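Student:
Protein chains in written order, with full-length UniProt numbering: chain A, 1 to 375; chain B, 1 to 375.
1. Do the region 70 to 83 of chain A and the region 207 to 216 of chain B make contact, defined as three or more Cβ pairs closer than 8 Å?
2. Name the residues in the region 91 to 108 of chain B whose C-beta lies less than 7 Å from a C-beta of chain C; which are they?
3. Quick one: what does DSSP say residue 211(B) is sitting in, helix, strand or coil?
4. At 9 Å on the CB atoms, spell out the chain A contacts of residue 61(B), in chain order.
5. Tell me which residues share the same chain as residue 203(A) and place their Cβ nearer than 6 Å to its Cβ, disregarding the 5 neighbours each side in the sequence.
6. Go ahead and label residue 223(B) buried or exposed: buried means 16 or more other beta carbons lie within 10 angstroms of its beta carbon, across all protein chains shown.
7. Note down, in chain order, every chain A residue with its Cβ under 7 Å from the Cβ of residue 206(B).
8. Using only alpha-carbon positions, find the residue among 324(B), 341(B) and 343(B) that is nearest to residue 335(B).
9. Would you say residue 143(A) reaches chain B, if we count a Cβ-Cβ gap shorter than 8 Å as a contact?
10. May I ask you to report which of helix, strand or coil DSSP gives residue 219(A)?
11. Give the interface partners of residue 147(B) over in chain A, defined as CB-CB distance under 7 Å, in chain order.
12. Can you name, in chain order, every residue of its own chain whose Cβ lies under 7 Å from the Cβ of residue 109(A), other than the five neighbours on each side?
13. Cβ of residue 316(B) within 8 Å of Cβ of residue 90(B)?
14. Examine the Cβ distances between the region 260 to 275 of chain A and the region 192 to 203 of chain A and report whether three or more of them are shorter than 8 Å.
15. For chain B, is any of its Cβ atoms less than 8 Å away from the one on residue 31(A)?
16. In three-state DSSP terms, what is residue 333(B)?
17. Assuming residue 370(A) and residue 118(A) are in contact, meaning their beta carbons sit under 8 Å apart, how far apart are those beta carbons, in whole angstroms?
18. Where does residue 322(B) fall in DSSP's three states?
19. Nearest-angstrom Cα distance between residue 269(B) and residue 130(A)?
20. Where does residue 106(A) land, buried or exposed, given buried means 16+ other C-beta within 10 angstroms?
21. Taking Cβ-Cβ distances shorter than 8 Å, what residues in chain A pair up with residue 193(B)?
22. What would DSSP say about residue 26(B), mapped onto helix, strand or coil?
23. Give the residues of chain B in contact with residue 210(A), contact being defined as C-beta atoms less than 9 Å apart.
24. Taking Cβ positions only, does residue 240(A) come closer than 8 Å to chain B?
25. Taking contact to mean at least 3 C-beta pairs separated by less than 8 Å, is the region 168 to 181 of chain A in contact with the region 175 to 186 of chain B?
26. Could you pull out every residue in the same chain whose Cβ sits closer than 6 Å to the Cβ of residue 34(B), ignoring the five residues on either side in sequence?
27. CA-CA distance, residue 331(A) and residue 184(A)?
28. So, with DSSP's three-state summary, where would you put residue 36(A)?
29. Taking Cβ positions, are residue 241(B) and residue 271(B) nearer each other than 8 Å?
30. Expressed to the nearest angstrom, what Euclidean distance is found between the alpha-carbon atoms of residue 218(A) and residue 156(B)?
31. Hey, quick one: how far does the beta strand (DSSP E) through residue 146(B) stretch, first residue to last?
32. Mind checking residue 99(B): buried by the 16 CB within 10 Å criterion, or exposed?
33. Spatial neighbours of residue 338(A) within its chain, please: CB distance less than 8 Å, with the 5 preceding and 5 following residues excluded, ordered by chain position.
34. Pull the bridge partners of residue 72(A) from the DSSP assignment, please.
35. When DSSP labels each residue in this structure, what does residue 349(B) get in the three-state scheme?
36. Measure the alpha-carbon distance for residue 27(B) versus residue 227(A) and round it to whole angstroms.
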């Protein structure tokens, strides 16, 4: 009988040289880490070993470890927020835990008890509470990771794994409010395919996208907008899901559109939250909220007709990231912005809705969950 | 000006505790390693550092290193053979070096001078010459590997990398001659796609294939035969390229078929060698040698008509691996074998041709290259 992940078996070894928090304006995404990390080893024979919190330190791995050769690796991206009454909250962390288990199952890495890992993450955060930045837009980025640690060059199911969690204090993605981005609609490389793993948060989905990103950057675009198939369906941005707002000029009705979860699209927590809030809060006489295929051709045509109203990406890092321009076949599709601003009205509204929930200013269906109480 | 990879700058630190060779019958593929490894660090700023050969030892890496999160990793598989006159030869190693550079370019890892790395590999092999097993079918499996070692959670071009090479003494893939395998034709998962990275030797191509392999194994098949597209084109096996032999019963003419290199197929060195040898040595009045799309439906139909003569996989590990059965839609496509044997006639012939070149019994276009002289 292999042992389950058990937070009650945690051992904590604290650093003897705690670090000082950096000033908020020196925080760079994913570059500074807190003093402690969580590690839990797993073997097929014995299951999950006792969890350990210990000083942040290098991993020591045999050069024949399968994570280096066959990409047995997955991760999650989550944030913890410090509220005004000194609680630490996370935004829908159950969604990340569920997705992490789905990623693990897809590459034969071990599943774990989601509530137990959340408890352990709460305890990890408490160790470094003085390093969690305070203020609107500031948070602790949390990176749960799982790697296959079997040693040997045969390609087969991992019989050893390491789950670890590291944390990075981060600031707002855009220091001075929104900064709308330019995307290049990309059909010269393909991010994901039906029957593949594009809907899972696996390392394998990322390295292959960096060369096209570099190529797009050379033409002045920050990111790729990945297209799929002969119809050039818009899928996602790779680090973000993609949303479009159209207005039918004949009827006046508006539509919020994002790609359906067909196995090629990452199941974004922010994506799901936006769809939920939009369905609850936007007037259904004025709005349709649709998960449907939308081609780049449709976006280009409706832009020409004046029916393209807004576009934005969604993800844990930036919450919503307004899009101001999409390059496609050498032409520019320009996306309207509010006069003198870097986003459209709905983009701004959604960012405010989610920010209020994340920072505990508004309760919404238990989405903001207390994982540690610093009092 | 960033420094090129330079074998003249090599430093060698030898182990103080050299190991004894294992008996040939205890060698398991990729489980035992030699005493030394080659490592070369690279930074964007300075280029390639001085190469080092040192005792085989764990890698120590920050838990935020990009190889753990975004699959910045690639590898090669090569073999070194000990000839009767005490030379160490490798089989077309220039092909592996070229492919390794193509893999590196695809995920923005650094390119290197191919001849320099081959020289370094030769010197590495010399350190552990007593561990290279002797005998037909025995060899030293060589695993050049490159990983991205930048530290940080942003998804971008690596500015640090580590190239390393480890070696494993291995025996014949099948201890007692051939053992024909059963494959499951797989359309419920997709290994590679146009615009993806299926033709590169990236870690990213491997972990996603292990779950389907497990599912096929539960139904009694050793490997997946990956299909692609609505026509169910046969692509490859994931660890091997796939070949089929048909005979047109009306004309008597035979055909050797494998999938064309369309970007979804690994550019196998053994695949290329088989095509070369077949074109040179098979009588063109009797044989057509074709790189063309071939569907599983064609294989099933020609099996029923008695036109399917042989099928085999090709790769560095087994050279050729005869196929005896392919499962497809709940039915079995049976592949003929020679009476009382585990392969067809051409499969056996090709294995002999390549074996003679690899072990230096026959010279062929410089394919067998001396990389170290132990005299």
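All residues carry an ideal CB built from backbone N, CA and C; glycine is no exception.
Because the structure is a prediction, the values reported are computed rather than measured.
Tutor: Taking the definition as stated:
1. Result yes; three or more Cβ-Cβ pairs closer than 8 Å.
2. No chain C is present in this structure, whose protein chains are A and B.
3. Here residue 211(B) refers to the residue found at position 211 when the second chain is read from its first residue. Looking at residue 211(B) - three-state DSSP - the assignment turns out to be helix.
4. Position 61 of the second chain, counting from 1, holds the residue named residue 61(B). Going along chain A in sequence order, the residues near residue 61(B) (Cβ under 9 Å) are 58, 59, 60 and 61.
5. What you label residue 203(A) is simply residue 203 of the first chain in a count that begins at 1. The answer, listed in chain order, is 71 and 73.
6. The residue you call residue 223(B) lines up with position 223 of the second chain. With 16 or more Cβ atoms within 10 Å of its Cβ, residue 223(B) is classed as buried.
7. As a first step, residue 206(B) must be located in the second chain, where it is residue number 206. Using a Cβ-Cβ cut-off of 7 Å, residue 206(B) is close to 70, 71 and 155 of chain A, given in chain order.
8. By one-based count along the second chain, residue 335(B) stands at place 335. That would be 324(B), whose Cα lies nearest to the Cα of residue 335(B).
9. The residue you call residue 143(A) lines up with position 143 of the first chain. It does: the Cβ of residue 143(A) has a partner Cβ on chain B nearer than 8 Å.
10. Taking the first residue of the first chain as 1, we reach residue 219(A) at position 219. Reduced to three states, the DSSP call for residue 219(A) is coil.
11. Counting from one through the second chain, the residue named residue 147(B) turns up at place 147. Chain A residues near residue 147(B): 68.
12. Numbered from 1 along the first chain, position 109 holds the residue referred to as residue 109(A). Only 72, 74, 146, 148, 158 and 161 meet the Cβ criterion.
13. Within the second chain, residue 316(B) is the residue found at index 316, counting from 1. Within the second chain, residue 90(B) is the residue found at index 90, counting from 1. No, the pair does not count as a contact, with Cβ atoms beyond the cut-off.
14. yes
15. The residue given as residue 31(A) occupies position 31 in the first chain. It does: the Cβ of residue 31(A) has a partner Cβ on chain B nearer than 8 Å.
16. Stepping through the second chain from its first residue, residue 333(B) is reached at position 333. Strand at residue 333(B).
17. Working through the first chain from its first residue, we reach residue 370(A) at position 370. Working through the first chain from its first residue, we reach residue 118(A) at position 118. Actually they do not touch by this definition, with Cβ atoms about 11 Å apart.
18. Here the question's residue 322(B) lines up with position 322 in the second chain. Correct three-state label for residue 322(B): strand.
19. Taking the first residue of the second chain as position 1, residue 269(B) is located at position 269. Taking the first residue of the first chain as position 1, residue 130(A) is located at position 130. Using only the alpha carbons, I get a separation of about 56 Å.
20. Along the first chain, one-based indexing puts residue 106(A) at 106. So residue 106(A) counts as buried.
21. The sequence position of residue 193(B) within the second chain is 193, counting from 1. By Cβ distance, chain A contributes 190, 193 and 196.
22. Taking the second chain and counting its residues from 1, one reaches residue 26(B) at position 26. The DSSP-derived three-state label of residue 26(B) is helix.
23. Working through the first chain from its first residue, we reach residue 210(A) at position 210. Those are 70, 72, 107, 108, 155, 156, 157 and 158, listed as they occur along chain B.
24. For this step, residue 240(A) is matched to residue 240 along the first chain. No - not a single Cβ of chain B is within 8 Å of the one on residue 240(A).
25. no
26. The residue given as residue 34(B) occupies position 34 in the second chain. Same-chain partners within the cutoff: 128, 131 and 167.
27. Within the first chain, the letter at position 331 stands for residue 331(A). Within the first chain, the letter at position 184 stands for residue 184(A). Near 10 Å, if we compare the C-alpha coordinates of residue 184(A) and residue 331(A).
28. Locating residue 36(A) in the first chain gives position 36, where the first residue counts as 1. Correct three-state label for residue 36(A): strand.
29. Translated into the one-based positions of the second chain, residue 241(B) becomes position 241. Translated into the one-based positions of the second chain, residue 271(B) becomes position 271. Yes, they are a contact pair.
30. The residue labelled residue 218(A) in the question sits at position 218 within the first chain. The residue labelled residue 156(B) in the question sits at position 156 within the second chain. Distance between the alpha carbons of residue 218(A) and residue 156(B): 14 Å.
31. In the second chain, counting from the first residue as 1, residue 146(B) sits at position 146. From DSSP, the beta strand (DSSP E) with residue 146(B) extends over 139 to 148.
32. Counted from its first residue, the second chain places residue 99(B) at position 99. Looking at its Cβ environment, which holds 16 or more other Cβ atoms inside 10 Å, residue 99(B) is buried.
33. Numbered from its first residue, the first chain carries residue 338(A) at position 338. Closer than 8 Å at Cβ, skipping near neighbours: 344, 345 and 348.
34. Within the first chain, the letter at position 72 stands for residue 72(A). Looking at the DSSP output, residue 72(A) sits in no beta bridge, so it has no partner there.
35. If you number the second chain from 1, residue 349(B) lands on position 349. Looking at residue 349(B) - three-state DSSP - the assignment turns out to be helix.
36. The sequence position of residue 27(B) within the second chain is 27, counting from 1. The sequence position of residue 227(A) within the first chain is 227, counting from 1. Looking at the two C-alpha atoms, the distance is approximately 47 Å.
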